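Residue numbering for the sequence shown follows the working numbering, beginning at 52 and increasing consecutively.
Positions of the beta carbon are idealized from the N, C-alpha and C atoms, including for glycine.
Computed from a predicted model, the values in this text were never measured in an experiment.
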Amino acid sequence: MAQNSLNWARGGSMFRLFSFGSAPSRLLIAPQDLRTADATNAADIYAGRFLFAGHLVEVGGQSPFDVEPPNLQWSKALHGFSWLRHLRAAETNMAQQNARALVEDWIRTCGRWHDVGWKQEVVARRVLSWMAQSPLLLTGCEADFYRAFMRSLYRQVRYLRRTMNKAPDGLPRLTVAMANACATVSMDGQGRHVKQALKRLDQELKRQILPDGGHISRHPGAIIEILVDLLPIRQALVMQGQTVSPVMMESIDRMMPMIRFFRHGDGSFAHFNGMASTSGDVVATILAYDDARGTPPVSAPHSGYQRLTGGDSLVMMDVGAPPPTRFSNSTHAGCLSFEFSSKRNRIVVNCGVSTREQVAWKMVARSTAAHSTAGIGDTSSCRFLTSSRFDKMLGNPVLSGPKDVEAERQDTDLSDRVIASHDGYVERYGIVHERDLTLSRDGTVLDGIDRFKPTSDKAEEETVTIRFHLHPQVSCTMLPLGDAAVLQCADGEAWEFSADGIEFSVEESIYLSDVFGHRQTQQIVLTVGVKEALSVTWMLRKTASAKARRKT
């Protein structure tokens, strides 16, 4: 609260006392909104039903900006106004009038200050949303509304310019830079600010987009969020006859292959380091802008991921250390975890991210046990800041985790192979975990070896748990002898899991990243003592193909 008030003093009312010049008279261009819209949501909004972040709030005739929000994420979504796109999609006078009324309501009640509504990342999202939906809001509107809209928009942009460095580092600060650049290019009379706004955007892109196209946070979804806002800025610059900087062009060109890198056969992104459910329509829209349309890279060494392919099968593996602390609020303790899919069937997955606000669920999602990898002594390979005293100010960054993560590829005509290791358990348990994955060229066999290399005598007393979380659409049944399990996909495809000389069990698990909320699923669990087994060998072997669909 105190920090937000200080930001407001720097960029808001006090700044206006010493600011010269009036608000721009008009918008020169309306940047395109690449996010998908659903016209059916317009009726709910008109009826006062606002569904954000998994919570439905019925305002019952009140202003939505006056009701008590169920959680912070709901409030951020409300004040961010991304939902205006649904009203535009309705293409009705009623939806247009409703959109104007809600914007006017916000300007009147929150236009000068609101604890959530004036967080930099929320202001940035609102600026981008208002500009993208300006045809809905401004076409045929009264002059008074047009002037009020432009004054408020300009006030918010000036606030972002003044407080950009106070925005949380990482994606929020980059979003602020994109909003500032987009508004400066799109509003009339901003010529003197354009160069500085684009320069600052270039600085953030150079700082945050890694050489392989991943984001510095290692969050796969970050590149979706960046491209969906950056591509319209590039388009706006071209339409205005302005030069697109080499930094922006190169950043886009690097990120596009990474969109393909993280996709399973069904279009979903792999669940690493904060990735939740994937909006397939948005990803498809982004890929429509990819002129190269090339194949995804086999590795992303700067982002810390590897990709193995064979036949119809795909393996993605996390082989990276946590990012710098200030970028680690979404980082998971999933080093050496992997996801495995065949065609459109996701088979082995990580649990993903919960949409529920409770800190407990967030920490469950980030734990090593929620990932398809090995954990030691029921602990995670990373430690997180969990003190409630610092949550609002710092979030829950990684305090410690793997420092030395090594990965080596050995691809041949017969297979793709990755051997990787991490030292996340050395300090506490004196054990290095090494994982060796080999996917056959025809994609029918995935061989795995998990090795546990002691670095001290105490390691012999520890217990290792290796987990393979299964997608909810996969059923798992132990064979009668108990030495193998059959994994059955919904389309009839089947795989057999076996472990060499190691007993294992099939237990309950939970899939957190489903679009409909948490879903019960299963996991294969191997538990061994380090003293008993320094090396655990396992295999996934395809035993049946998908059933052919009958033609009707």
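Closest by C-alpha distance to residue i, when choosing among the options
i	options	result
residue 465	553, 521, 360	360
residue 526	333, 518, 305, 545	545
residue 77	205, 120, 135, 107	205
residue 326	226, 422, 303	422
residue 250	229, 237, 240	229
residue 502	473, 520, 491, 508	473
residue 312	341, 347, 552, 334	347
residue 309	280, 276, 264	264
residue 588	535, 570, 564	535
residue 241	388, 158, 94, 291	291
residue 371	202, 101, 454	454
residue 481	496, 468, 512	512
residue 147	96, 394, 119	96
residue 351	150, 195, 261	261
Beta-bridge partners of residue i, as assigned by DSSP
i	result
residue 469	460, 488
residue 571	561
residue 396	393
residue 351	356
residue 98	Residue 98 is not bridged to any residue.
residue 535	549
residue 578	516
residue 204	For residue 204, which the question treats as bridged, DSSP gives no partner whatsoever.
Sub-8 Å separation of residue i and residue j beta-carbons
i	j	result
residue 425	residue 515	yes
residue 419	residue 479	no
residue 557	residue 547	no
residue 200	residue 211	no
residue 320	residue 271	yes
residue 273	residue 183	no
residue 236	residue 287	yes
residue 499	residue 488	yes
residue 133	residue 185	no
residue 85	residue 337	yes
residue 416	residue 405	yes
residue 90	residue 130	no
residue 376	residue 295	no
residue 232	residue 248	yes
residue 140	residue 124	no
residue 328	residue 566	yes
residue 564	residue 315	no
residue 191	residue 269	no
residue 562	residue 331	no
residue 306	residue 75	no
Nearest-angstrom Cα separation, counted from residue j out to residue i
i	j	result
residue 463	residue 177	50 Å
residue 59	residue 169	Any reading at residue 59 must be qualified, since the residue scores a pLDDT of 47, below 50, and its modelled position is unreliable; no value is offered.
residue 542	residue 596	9 Å
residue 153	residue 161	11 Å
residue 115	residue 539	46 Å
residue 452	residue 106	34 Å
residue 213	residue 289	27 Å
residue 64	residue 73	Caution applies to residue 64, whose pLDDT of 43 falls short of 50 and renders its modelled position unreliable; the value that the coordinates give is listed next. Roughly 14 Å between the two C-alpha positions.
residue 505	residue 358	28 Å
residue 613	residue 523	Residue 613 falls outside the range modelled here, since the chain spans only 52 to 603, and no answer is possible.
residue 383	residue 494	28 Å
residue 391	residue 400	7 Å
residue 187	residue 379	38 Å
residue 83	residue 94	23 Å
residue 300	residue 277	13 Å
residue 577	residue 387	16 Å
residue 344	residue 302	16 Å
residue 101	residue 166	20 Å
Bounding residues of the beta strand (DSSP E) (the contiguous stretch that carries residue i)
i	result
residue 123	Counting along the chain, residue 123 falls outside any beta strand (DSSP E), though it belongs to the alpha helix (DSSP H) covering 123 to 131.
residue 106	106 to 109
residue 589	586 to 595
residue 356	356 to 361
residue 529	526 to 529
residue 367	364 to 369
residue 451	449 to 451
residue 502	496 to 505
Range covered by the alpha helix (DSSP H) that runs through residue i
i	result
residue 553	Unbroken run through residue 553: none, as it is neither H nor E.
residue 181	171 to 183
residue 289	271 to 290
residue 227	222 to 237
residue 138	135 to 141
residue 338	331 to 338
residue 246	242 to 259
residue 344	That residue, residue 344, is in no alpha helix (DSSP H); it is neither H nor E in DSSP.
residue 148	144 to 161
residue 377	Run containing residue 377: none; DSSP gives neither H nor E here.
Residue i Cβ short of 7 Å to the ligand ADP heavy atom set
i	result
residue 426	What this structure holds is no ligand at all, so the ligand ADP is not there to describe.
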